[in-house]
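Scroll down for the structure; my scribbles are underneath it.
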Amino acid sequence: MWTKELFGTDVYHLIGAFIVYSMLGWLVESIYMSFCNKKLTNRGFAKGPFCPIYGFGAVIGYLLLRPLKFNGFLLYIVAAISATTFEFLVGKMMLRVFGELWWDYNEKPFNYKGIICLESTVAWGFYGLGIVFFLHGWVLQAIDRVPMQVGTKVIWVVMLLVTIDYIVQLLHAFHVDLSRQRERLSEKVDKFRARWN
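If you're matching positions, the sequence shown starts at 1057 in our numbering and goes up one per residue.
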């Protein structure tokens, strides 16, 4: 599974890069927002240091932009437009699913419904250049420093922890009372036991 190739890269490196970018994205955005808010700010949906929008965006962006590596101007334009489109689609999905957006560009000039803005579009273009020309090579080197047997175990553990974290946060977001669910499960277990005693 890990060595199977997708889009010219093996699964191990794709998932490893997704994890690294998700954590780096969380770190950069949390630092930036902590500075803006003048207090520590967790910019992730869940409790852990993980923003999958950055993981998906960076990996998909790299795969999409890699063929444009020899035309920096075109790479910049495609990065800016594709990342802005991705941000818009994720924003619309969040509004539909959660009824809220976890960022707000309403105060930024040239914004559209607070979901996207010109400032971010310009930044996405530069991020695309940075990922293709610098960052992705470093990320792959970092992944290669860890033996694959160890790396696959780390990937499983990280993805398990992230999955649990996101499930718990989704339950909270949809106002599922976990203590009441535990009580109901306990009642059902007690009834089941009572039948067999």
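For every residue, glycine included, the Cβ atom is placed at its ideal position computed from N, Cα and C. These numbers come from a predicted model, not from an experiment.
Bridge-paired residues (DSSP) for residue i
i, result
"N1167", "C1173"
"L1062", "T1065"
C-beta contact flag for residue i and residue j at 8 angstroms
i, j, result
"L1080", "Y1110", "yes"
"G1104", "L1217", "yes"
"W1180", "T1208", "no"
"S1090", "L1096", "yes"
"L1062", "V1115", "no"
"V1195", "V1076", "yes"
"F1074", "F1106", "no"
"D1221", "A1102", "yes"
"M1149", "W1058", "no"
Where residue i falls: helix, strand or coil (DSSP)
i, result
"D1221", "helix"
"L1191", "helix"
"N1127", "coil"
"P1265", "No answer is possible for residue 1265: it lies beyond the span of the chain, which begins at 1057 and ends at 1253."
"M1057", "coil"
"C1092", "helix"
"G1181", "helix"
"Y1132", "helix"
"H1228", "helix"
Closer than 8 angstroms to chain B by CB, residue i
i, result
"A1139", "No chain B appears in the structure shown, which is made up of a single protein chain."
Stretch pair the region 1135-1147 + the region 1155-1174: three plus CB contacts closer than 8 angstroms:
yes
Counting pairs of Cβ atoms below 8 angstroms between the region 1111-1121 and the region 1160-1167, do you hit three or more?
no
Three CB pairs or more closer than 8 angstroms across the region 1133-1140 and the region 1178-1190
yes
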